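Colleague:
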Amino acid sequence: MALFGSSAPAAAPAVSDPESQQLKANILQQMQQEMAVANAKKLISRINQNCFDNCITNPGSSMSSSDSTCLSNCMEKYIQFWNVTSKVYISRATTEQVAANAMATSE
Numbered sequence: 000m001a002l003f004g005s006s007a008p009a010a011a012p013a014v015s016d017p018e019s020q021q022l023k024a025n026i027l028q029q030m031q032q033e034m035a036v037a038n039a040k041k042l043i044s045r046i047n048q049n050c051f052d053n054c055i056t057n058p059g060s061s062m063s064s065s066d067s068t069c070l071s072n073c074m075e076k077y078i079q080f081w082n083v084t085s086k087v088y089i090s091r092a093t094t095e096q097v098a099a100n101a102m103a104t105s106e
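Below, the structure written as structure tokens:
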């Protein structure tokens, strides 16, 4: 069974190679943007969960200066860690893409 329950196999669209490459690039860019948004939301959620739980010991109508300092330091650490992790990930992904392109052109 193929696309949407049809018994006929899904036919590939008749797209020329440059159009296909552009379509792939557009889809990849959209996916990367969506992943970046999802990752940013995850970062904010983790900061809220961990930093708030660790720093705000007595919730009230206002934060104490020590709570505020703790929260700021915690957020800065998370963001620094996020930046380091992102740089390493991008570096590895770029290296793998270059290697994949080199293998594809050598075949």
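If you're matching positions, the sequence shown starts at 0 in numbering that gives the first Met the number 0 and goes up one per residue. Glycine included, every Cβ here is placed at the ideal spot set by N, Cα and C. Everything numeric in this text was worked out from a predicted model, so none of it was measured.
For the candidate residues 50, 31, 18 and 33, whose alpha-carbon lies nearest to that of residue 72?
Modeller: Out of 50, 31, 18 and 33, 50 has the C-alpha closest to the C-alpha of residue 72.
Colleague: Whether or not the segment 47–64 and the segment 73–91 are in contact is what I'm after, with contact meaning three or more pairs of Cβ atoms, one per stretch, closer than 8 Å; do they touch?
Modeller: As far as the Cβ criterion goes, the segment 73–91 touches the segment 47–64, which means the pair count is three or higher.
Colleague: Straight-line CA distance for residue 44 to residue 93?
Modeller: About 28 Å.
Colleague: Taking the alpha carbon of residue 80 as the reference point, which residue from 98, 96 and 42 has its own alpha carbon closest?
Modeller: That would be 42, whose Cα lies nearest to the Cα of residue 80.
Colleague: Kindly give me the distance between the Cβ atoms of residue 78 and residue 66, rounded to whole angstroms, as I take these residues to be in contact under 8 Å.
Modeller: Rounded, the Cβ-Cβ distance is 19 Å, inconsistent with contact.
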